[in-house]
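Presented below is the structure to which this report refers.
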Ligand code: ATP
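Residue numbers (the numbering used here): 0 to 332.
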């Protein structure tokens, strides 16, 4: 367990500012999800923390000690990547205990630690199998167990679930969160999947163009976005935006409701031209325009609504967010 501080950290590759001045503190035992589009600098930031890249500027401090000059092995960090290569000719036990055998740890102690890590991930019964004899989800847990076996201070994970199919991913996500809580290891988790970030992160840092555009709890990121980038990146479908009287007004698709469902005195009324209705079973996505701007409503109740119809919708005032027209930054009352 450790606290991690990034102070003005930068990594430029020639003209490319992959990481461009990031200040960030990750608390002891915290699970921080690093969310951002492709190319936003997530992997580079992780590699900087791990010591696999040398920063162009800034400091990395782990538990109060500057680690800029420490080699990756000396930082007390473990990493799990998307392509978690296991050794095909070693058993699950051999794979998990590999980092310990490198340290020439006595056999009995190694056995104990490998069993601890395997138990934590629920793969204690697979220790004698070969990687080819276990499922993709199990292989992924072997990779995590291998990362944990040295009891790292900080665990870095870069899209570790992206090789799994959708169903396994869901359970793997749940398990990941459970074991992380149990061992309470400080974790930085890179993903471009917002459901993963929302579901796993104690806090989410949203990255864009090498900078952090917002850091906060999943709730804050979703309901209280700091700018139009975060508001438009997080949420499926994303926040709707309309230009009104020199500001950008944003509202979530689920806040755009048939007018009769919203008290008139505390809402903004909008004329919605319905173009297409997509029935997804539990809810319907209604696509159309308001004053010529494309918007989407997400309806969770079964009021009749027809393609081609034009009708009054409304958004409750408390669901409206205002942003600066020019900068996209949030304007607070
Ligand atoms: P993805 O989700 O696609 O993995 P990412 O957010 O992890 O993206 P990075 O891999 O950190 O993004 O890359 C950030 C930027 O830095 C990109 O523009 C990338 O092309 C550039 N970059 C990364 N590594 C290098 C390198 N070794 N040399 C030059 N440019 C690089």
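Where a beta carbon is used, it is the ideal one built from N, C-alpha and C, also for glycine.
Small disclaimer: the values here were computed from a predicted structure and weren't measured.
Near the ligand ATP: residue 327 beta-carbon under 6 Å from a heavy atom: no
Residue 43 beta carbon near the ligand ATP (any heavy atom closer than 6 Å): yes
Counted within 10 angstroms of its Cβ, other Cβ atoms place residue 226 as buried (16 or more) or exposed: buried
Proximity test, residue 178 beta-carbon vs the ligand PLP heavy atom, cut-off 6 Å: The model depicted lacks the ligand PLP and carries the ligand ATP instead.
Minimum C-alpha distance to residue 99 - residue among 129, 122, 146 and 74: 146
Simplified DSSP assignment, three categories, for residue 315: strand
Contact belief for residue 274 with residue 288 at Cβ below 8 Å, rounded distance in angstroms: 7 Å
Opposing strand residues paired with residue 189 [DSSP bridges]: 33 and 157
Runs of alpha helix (DSSP H) lying entirely within the region 13-91, each at least 4 residues, in chain order: 41-49
Contact belief for residue 333 with residue 32 at Cβ below 8 Å, rounded distance in angstroms: No answer is possible for residue 333: the residues shown for the chain start at 0 and end at 332.
Residue 29 burial status per 10 Å Cβ neighbour count (16 or more: buried): buried
Selection from 53, 183 and 155 that minimises the alpha carbon distance to residue 10: 53
Assumed close pair residue 5, residue 57 - CB separation to whole angstroms, cut-off 8 Å: 7 Å
C-alpha gap between residue 2 and residue 234, whole angstroms: 30 Å
Nearest neighbour of residue 284, chosen from 178, 256, 200 and 34 [CA to CA]: 256
Presumed contact (8 Å Cβ cut-off) between residue 299 and residue 253, rounded CB distance: 7 Å
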